[in-house]
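Trainee:
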Amino acid sequence: MSTNTELKRELGPLMLWGLGVGYVISGMYFGWNLGLPEGGPYGMLLATVMVTIMYVAFTLSYSELACAIPKAGGVFVYAHRALGPGIGFLGGTAQIVEFVFAPPAIAAAIGAYLNIKFPGVDTLIFAMAAYMIFTGLNIWGVKLSAIFELVVTVLAVIELLIFAGVTAPHFSLESFSQNPLPNGWGGAFAAIPFAIWFYLAIEGLANVAEETHNPQRNISIGFGSAMGTLVMLAFLTFFCAVGVNGWETVVYEPGSTEASDSPLPLAMGHLMGRDTFLFGLLINVGLLGLVASFHGIILVAGRATFEMGRVGYAPRFLGRTLAKRKTPAAALLLNMLVGFGALLSGRTGEIITMAVFGALTLYAVSMISLFALRRKEPDLARPYRAPCYPLIPGIALAFSLVCLVALTYHNPKIALLYSTILCLALGWFYLVVPKETRQRQHTFGDEAP
8 MSTNTELKRE LGPLMLWGLG VGYVISGMYF GWNLGLPEGG PYGMLLATVM VTIMYVAFTL
68 SYSELACAIP KAGGVFVYAH RALGPGIGFL GGTAQIVEFV FAPPAIAAAI GAYLNIKFPG
128 VDTLIFAMAA YMIFTGLNIW GVKLSAIFEL VVTVLAVIEL LIFAGVTAPH FSLESFSQNP
188 LPNGWGGAFA AIPFAIWFYL AIEGLANVAE ETHNPQRNIS IGFGSAMGTL VMLAFLTFFC
248 AVGVNGWETV VYEPGSTEAS DSPLPLAMGH LMGRDTFLFG LLINVGLLGL VASFHGIILV
308 AGRATFEMGR VGYAPRFLGR TLAKRKTPAA ALLLNMLVGF GALLSGRTGE IITMAVFGAL
368 TLYAVSMISL FALRRKEPDL ARPYRAPCYP LIPGIALAFS LVCLVALTYH NPKIALLYST
428 ILCLALGWFY LVVPKETRQR QHTFGDEAP
């Protein structure tokens, strides 16, 4: 392995759209349905509206940071520059928690989808095989990874539109409104992490800024086009799936009380049976939606871990790239091993919640960093500026904090585990990372093109 620490610029606006939608699109295919037992259709809808407002405000604001400081570390880099090494490291750790814990949840869903076609094979085998295949693809090269991501993302979007076209004529407000609030309106707050799953990881676009042609222009285009696509798909999928025969149809297999990781096949199976062409198409192409997010988040997780190693806050070998491929192989392989451990727990809902804790911390820290940089470095070149400043980033910050409080209240054990991870990470930072490394000045962006 070379000691090279540079990444290769390969990505344009179309590739960025494909990555941005691809990171997230698995959230349309599974995960969101786990919020229905908590909030019911009304509570889940309220949670989704709140989360959508947060994400639109967040992406409009986060684009400013990504365009001004186009580096692979994302929030780690922005917070480090704006708020100092300690908060930068904390934000970077939260980012890694999000990006490392999201893939095993998606891998579990990939296993569940394949198990429908091959019931004799354990879902864990499929999940681990997917990890090895797509980690290898990311090690091979970012351009090939991005082309693959674009193709499977387009197919996954088309499949969601086909699903909506088949189910929308059968939408019934009466079916949609069955048992609308099983836990009252308070259930909407418990449903928040699963509503966030509709959009989780869109922020990963910032982490490929260093591999983007003209990032000061193209990153904001990528964020805007991807977010617009995702909002449309989220509401279309939610209404069409739940409105077929009520929310329980897309949560539980017939005769089962265990929540399913494949809600769209459940809705389609109820509507037309499992032996039809369209049901088979949904399984085959829907699997590509999961693959798109799985592969894309593996890509961005590698960049987040890589940046921490590159500056010496994590072991240095994680901050190296392969001499020929210019990809962070060591970071990708370490993330895969952590993902294996999460998969073995078998707790998809809890893994999703852990990823959401990391995401909400990222959103809050990055918005605080935006305010701090506006004050601290008013002359920093900002090719793109957040609209309606400070209102839009203020909305993103407020909603992220409200969601973080609600998430903690409804998931105290996972909140404790997440807090323990952050404390251990800070212990590493202050007790293991050499003082001279912590005090070294990293401007992160002055050298960017």
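To convert, take the position in the sequence shown, counting from 1, and add 7; that gives this note's numbering. Built from N, CA and C at the ideal position, the CB exists for glycine as well.
(1) Out of 358, 379 and 421, state which residue places its alpha-carbon closest to the alpha-carbon of residue 107.
(2) So, residue 185 versus residue 77, is the Cβ gap smaller than 8 Å?
(3) If we ignore side chains and look at the alpha-carbon of each, how far apart do residue 208 and residue 105 end up?
(4) On the DSSP bridge assignment, give the partners of residue 137 in chain order.
(5) Is the distance from the Cβ of residue 72 to the Cβ of residue 377 below 8 Å?
(6) Using the Cβ count rule (16 or more neighbours within 10 Å means buried), how would you classify residue 446?
(7) Just the C-alpha distance for residue 456 and residue 382, rounded to the nearest angstrom, thanks.
(8) Residue 436 to residue 271, Cα distance in whole Å?
(9) Can we count residue 342 as close to the ligand GTP, meaning its CB is less than 7 Å from some heavy atom?
(10) If I measure Cβ to Cβ from residue 40 and keep anything under 6 Å in the same chain, skipping five residues before and after, which residues do I get?
(11) Over what stretch of residues does the alpha helix (DSSP H) that includes residue 385 continue unbroken?
(12) Going by Cα to Cα distance, which pick from 84, 234, 69 and 284 is closest to residue 169?
(13) Looking at the secondary structure, which residues open and close the alpha helix (DSSP H) in which residue 396 lies?
(14) In whole angstroms, what is the alpha-carbon distance linking residue 130 and residue 350?
(15) State the Cα-Cα distance for the pair residue 362 and residue 368, rounded to the nearest angstrom.
(16) On a CA-only basis, which of 429, 294 and 398 is nearest residue 124? Give me that one, please.
(17) Could you tell me the distance, in whole angstroms, from the CA atom of residue 415 to the CA atom of residue 97?
(18) Restricting to Cα atoms, I'd like to know which of 189, 400, 392 and 386 is closest to residue 375.
(19) Could you compute how far the alpha carbon of residue 90 sits from the alpha carbon of residue 335?
(20) Whole angstroms is fine: what's the gap from residue 345's alpha carbon to residue 296's?
(21) Label residue 126 either buried or exposed according to how many other C-beta atoms from any shown protein chain fall within 10 Å of its C-beta, with 16 as the threshold for buried.
(22) Just to confirm the assignment, what range does the alpha helix (DSSP H) spanning residue 33 have?
(23) To test your reading of the DSSP string, which unbroken beta strand (DSSP E) runs of 3 or more residues are found completely within the segment 282-314?
(24) Can you tell me which residues form a DSSP beta bridge with residue 18?
(25) Given a threshold of 16 other Cβ atoms within 10 Å of its Cβ, counted over all protein chains shown, does residue 324 qualify as buried or as exposed?
(26) Going by C-alpha distance, which of 413, 292, 330 and 173 is nearest residue 117?
(27) On the CB-based measure, 16 or more other CB atoms within 10 Å of its CB, does residue 264 come out buried or exposed?
(28) Rank 393, 321 and 371 by C-alpha distance to the C-alpha of residue 441 and give the top, closest one.
(29) I'd like to confirm the pairing. Which residues does DSSP put opposite residue 259 in its beta bridges?
(30) Taking only the alpha-carbon atoms, compute the straight-line gap between residue 453 and residue 387 and give it to the nearest angstrom.
(31) If I measure Cβ to Cβ from residue 304 and keep anything under 8 Å in the same chain, skipping five residues before and after, which residues do I get?
(32) Go ahead and label residue 25 buried or exposed: buried means 16 or more other beta carbons lie within 10 angstroms of its beta carbon, across all protein chains shown.
(33) What does the alpha-carbon distance come out to for the pair residue 22 and residue 396?
(34) Looking at the secondary structure, which residues open and close the alpha helix (DSSP H) in which residue 444 lies?
(35) Looking at the structure shown, is residue 76 part of a helix, part of a strand, or coil, going by DSSP?
(36) Of the choices 161, 402 and 52, whose alpha-carbon is the least far from that of residue 65?
Mentor: With the structure as the only source:
(1) For the purposes of this step, residue 107 is identified with residue 100 of the sequence shown, where counting begins at 1. Out of 358, 379 and 421, 358 has the C-alpha closest to the C-alpha of residue 107.
(2) Mapped onto the sequence shown, residue 185 falls at position 178. Mapped onto the sequence shown, residue 77 falls at position 70. No, Cβ-Cβ distance for residue 185 and residue 77 is not below 8 Å.
(3) If you number the sequence shown from 1, residue 208 lands on position 201. If you number the sequence shown from 1, residue 105 lands on position 98. Roughly 8 Å between the two C-alpha positions.
(4) Sequence index remark: in the sequence shown, residue 137 carries index 130 (1-based). DSSP, once it has assigned bridges, lists no residue as partnering residue 137.
(5) Here the question's residue 72 lines up with position 65 in the sequence shown. Here the question's residue 377 lines up with position 370 in the sequence shown. Going by C-beta atoms, residue 72 is nearer than 8 Å to residue 377.
(6) Residue mapping note: residue 446 aligns to position 439 of the sequence shown, counting from 1. That one is exposed.
(7) Here residue 456 corresponds to residue number 449 of the sequence shown, with the count starting at 1. Here residue 382 corresponds to residue number 375 of the sequence shown, with the count starting at 1. Any reading at residue 456 needs caution, since the residue's pLDDT is 34, under 50, leaving its predicted position unreliable; the model's value is listed next. Roughly 23 Å separates the two Cα atoms.
(8) Looking up residue 436 in the sequence shown gives position 429. Looking up residue 271 in the sequence shown gives position 264. C-alpha separation (whole angstroms): 44 Å.
(9) The model on display carries no ligand, and the ligand GTP is accordingly not part of it.
(10) As a working note, residue 40 is residue 33 in the sequence shown. Within the same chain, residue 40 has close Cβ partners 257, 258 and 270.
(11) Position 378 of the sequence shown, counted from the start, is the residue given in the question as residue 385. Segment: none, residue 385 is in no alpha helix (DSSP H) and carries neither H nor E.
(12) Indexing the sequence shown from 1 puts residue 169 at position 162. That would be 284, whose Cα lies nearest to the Cα of residue 169.
(13) The count along the sequence shown starts at 1 and reaches residue 396 at position 389. Taken as a continuous stretch (DSSP letters only), residue 396 belongs to no alpha helix (DSSP H), as it is neither H nor E.
(14) As a position in the sequence shown, residue 130 is number 123, starting the count at 1. As a position in the sequence shown, residue 350 is number 343, starting the count at 1. In a straight line, the C-alpha of residue 130 is about 10 Å away from that of residue 350.
(15) In the sequence shown, residue 362 corresponds to position 355, counting from 1. In the sequence shown, residue 368 corresponds to position 361, counting from 1. Going by the C-alpha atoms only, they are around 10 Å apart.
(16) Locating residue 124 in the sequence shown gives position 117, counting from the first residue. Nearest C-alpha to residue 124: 294.
(17) By one-based count along the sequence shown, residue 415 stands at place 408. By one-based count along the sequence shown, residue 97 stands at place 90. Rounded to the nearest angstrom, the two C-alpha atoms are 18 Å apart.
(18) Residue 375 sits at position 368 when you count from the first residue of the sequence shown. Restricting attention to 189, 400, 392 and 386, the CA atom closest to the CA of residue 375 is found in 400.
(19) The residue you call residue 90 lines up with position 83 of the sequence shown. The residue you call residue 335 lines up with position 328 of the sequence shown. The straight-line gap separating the alpha-carbon atoms of residue 90 and residue 335 is approximately 27 Å.
(20) For the purposes of this step, residue 345 is identified with residue 338 of the sequence shown, where counting begins at 1. For the purposes of this step, residue 296 is identified with residue 289 of the sequence shown, where counting begins at 1. Approximately 23 Å, taken between the alpha carbons.
(21) Here residue 126 is taken as the residue at index 119 of the sequence shown, counted from 1. Under this definition residue 126 is an exposed residue.
(22) Locating residue 33 in the sequence shown gives position 26, counting from the first residue. It spans 33-36 - the alpha helix (DSSP H) in which residue 33 sits, taken as one unbroken run.
(23) none
(24) By one-based count along the sequence shown, residue 18 stands at place 11. According to DSSP, residue 18 bridges with 219.
(25) Sequence index remark: in the sequence shown, residue 324 carries index 317 (1-based). Exposed, by the Cβ-count rule.
(26) Here residue 117 corresponds to residue number 110 of the sequence shown, with the count starting at 1. If we check each option's Cα against that of residue 117, 292 comes out closest.
(27) Here residue 264 corresponds to residue number 257 of the sequence shown, with the count starting at 1. The residue in question, residue 264, is exposed, as its Cβ has fewer than 16 Cβ neighbours within 10 Å.
(28) Walking along the sequence shown from the start, residue 441 turns up at place 434. Of all alpha-carbon atoms in 393, 321 and 371, the one lying nearest the alpha-carbon of residue 441 is that of 321.
(29) As a working mapping, residue 259 is identified with position 252 in the sequence shown. BP columns for residue 259 point to 266.
(30) The sequence position of residue 453 within the sequence shown is 446, counting from 1. The sequence position of residue 387 within the sequence shown is 380, counting from 1. Note that residue 453 scores 45 on pLDDT, short of 50, meaning its location in the model is unreliable and no value can be drawn from it.
(31) As a first step, residue 304 is located in the sequence shown; it is residue number 297 there, counting from the start. The residues are 30, 106, 109, 110, 113, 208 and 211.
(32) For this step, residue 25 is matched to residue 18 along the sequence shown. Its Cβ being crowded by 16 or more others within 10 Å, residue 25 is buried.
(33) As a working note, residue 22 is residue 15 in the sequence shown. As a working note, residue 396 is residue 389 in the sequence shown. About 29 Å.
(34) The residue you call residue 444 lines up with position 437 of the sequence shown. Segment 442-446, the alpha helix (DSSP H) holding residue 444.
(35) By one-based count along the sequence shown, residue 76 stands at place 69. Of the three classes helix, strand and coil, the one that applies to residue 76 here is coil, per DSSP.
(36) Here the question's residue 65 lines up with position 58 in the sequence shown. Among 161, 402 and 52, the Cα nearest to that of residue 65 is on 402.
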